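For reference, the structure discussed in these notes is given below.
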Amino acid sequence: MTTPPKKRYALVGTGGRSYFFYSAIATTYSSTSCIVGFCDTNQTRLNYALSRLTSLGHPPVPLYLASDYDRLITETKPDEVIVTTVDRTHHIYIIRALQLGCNVVSEKPMTIDAPRCQAIFDAVNETKRNVRVTFNYRYAPHNTKIYELLHSGAIGEVTSVHFEWLLNTSHGADYFRRWHRDKRNSGGLLVHKSTHHFDLVNFWLKTRPLSVYAQADLKFYGKENAERRGVTKFYDRVRGNEEGNAKDDPFALDCRKVETLKSLYLDAEHEDGYFRDQSVFGDGISIEDTMNLLVRYKNGAVMTYSLTAYAPWEGLRVNFNGTKGRIEMEVVENSYVNSGGDQSLEGCLERSTILLRPLFEPPGEVEIGEAKGAHGGGDNVLLQDLFGEPVSDEYMRAASHVDGAASILTGIAANRSIATGQVVFVDDILKVPDN
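Here our numbering is used: position 56 in the sequence shown is 42, and no number is missing along the way.
Written out as structure tokens, the structure is:
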């Protein structure tokens, strides 16, 4: 039997998240997949990515600056392009890859606003190519178990959901050091981070958001909040202030102490002026850290949602009320800083519990399958689905561009509601197909 050729992947955006994809291809999935080229706006970061790739036993690949993105595709002839750039540029690379004949694997969020989203839809329709959005949390065993319970009818028709996600003062704070702190780059946490959570609800309930009302503010991070708490020592970034005002700040991130952070960012900042170690209590933060939503879905269910980015622990609580009972889930995840340690441990579980409370019957704890690896055990299962031998998935967890749009539209509608103080109907922003 002839061995099928390896699927060829090019990758654009060689920052912290990219290693998740190319390290898997170079090691676990080297028999089915290969990297054919890297692309980035920063040559130093490209060089470092190449050194990491070859250290994993993968052959060297050509490197291209972003201005030569078309050449990356025409010269290396990938089957698919993996997009892990800054969120606001996802659409540029997605659309051009589609136009040049490639399918796309996009890191979440697919993009950050409705016009960019519509442009991706138009490109998919014109080219008949595919966009896959990597919602790893769909694959976590506890989230799959929730899907099983809901679709078995364990609590009947779901009428309401209460979803609380907590980001702690390590992981949560990190969004306020990085490019995410500027809403023009990320759409804010309701788009960048909550896309995971809104996608889970869409996936669990097999529905789409109808309307959104939201309130949010910057309550903890930022200079004004720190001043109100009596802080008097400030700095713009850690570099140059290691022995000054940053010395005793528990939120300070010294990139010199972590080889990956130093090589990806400190050593590369002379090319693009991007500072990875900004103070979370500095000026220039335009995203919120305290967010609350009321979402009505097309199937009639309603969700109350809360995201806090300065909690003392990391994880979630989600409760489902139905016509036959209630499900309660609590998940506690390990804390991390992006690229600040072993990526395979980012967001791995400390514990997870699911409690089923049927009406008129005693409650019982639900057994959950073993979860190994990052993001609640979802990362390894996602990577198998992306790069391994094709297998059928009874849960249909692979997410398309339509799923990517449906998740971010809750956050986009929330941003509009925050700005206007009004309920926002999602179809007034962009219509996406129902399930």
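Built from N, CA and C at the ideal position, the CB exists for glycine as well. The model shown is predicted, which means the values in this text are computed figures rather than measured ones.
Closest option to residue 190, judged by alpha-carbon separation, among 225, 202, -6 and 124: 124. Per DSSP, the continuous alpha helix (DSSP H) segment holding residue 169 begins and ends at 169 to 172.
Secondary structure note for residue 151: its beta strand (DSSP E) is the uninterrupted segment 144 to 154. Under DSSP, residue 233 takes part in no beta bridge, so it has no partner. In the structure shown, residue 88 falls within a coil segment according to DSSP collapsed to helix, strand and coil. Residue ranges of uninterrupted beta strand (DSSP E) with 3 or more members, entirely inside the stretch 6 to 84 and ordered along the chain, are 19 to 26, 49 to 51 and 66 to 69. Exclusion of the five residues before and after residue 392 leaves 188, 194 and 418 as the residues of its chain whose Cβ lies within less than 6 Å of its Cβ.
The beta carbon of residue 151 sits closer than 6 Å to those of 183, 293 and 302, all from its chain and outside the five residues before and after it, given in chain order. Taking one beta carbon from each stretch, the stretch 298 to 314 and the stretch 134 to 142 have 3 or more pairs nearer than 8 Å; the two touch.
One thing to note: residue 178 has its Cβ within 9 Å of the Cβ of residue 98. In the structure shown, residue 395 adopts helical secondary structure according to DSSP, grouped into three states. Scanning its chain for C-beta atoms nearer than 7 Å, with the 5 sequence neighbours on each side dropped, one finds around residue 261 the residues 223 and 255, in chain order.
Note that the stretch 19 to 32 touches the stretch 43 to 50; at least 3 beta-carbon pairs, one per stretch, sit closer than 8 Å. In terms of Cα proximity to residue 279, the closest of 217, 243 and 400 is 400.
The C-beta distance from residue 253 to residue 30 rounds to 6 Å, short enough to fall under 8 Å. By the Cβ criterion, the stretch 378 to 388 is not in contact with the stretch 54 to 72, since fewer than three pairs of Cβ atoms, one from each stretch, lie closer than 8 Å. Apart from the 5 residues on each side of it in sequence, residue 11 sits with its Cβ closer than 8 Å to the Cβ of -5, 19, 20, 21, 44 and 373 in its chain, given in chain order. Annotation for residue 321: 154, 156, 157 and 300 place their beta carbon closer than 7 Å to its own, counting only its chain and skipping 5 residues before and after. Rounded to whole angstroms, the gap between the alpha carbons of residue 258 and residue 238 is 22 Å.
The beta carbon of residue 220 lies closer than 8 Å to those of 209, 212, 231, 265, 267 and 268 in the same chain, with the five residues before and after it left out. Beta-bridge annotation (DSSP): residue 316 is paired with 303 and 339. Rounded to whole angstroms, the gap between the alpha carbons of residue 0 and residue 311 is 47 Å.
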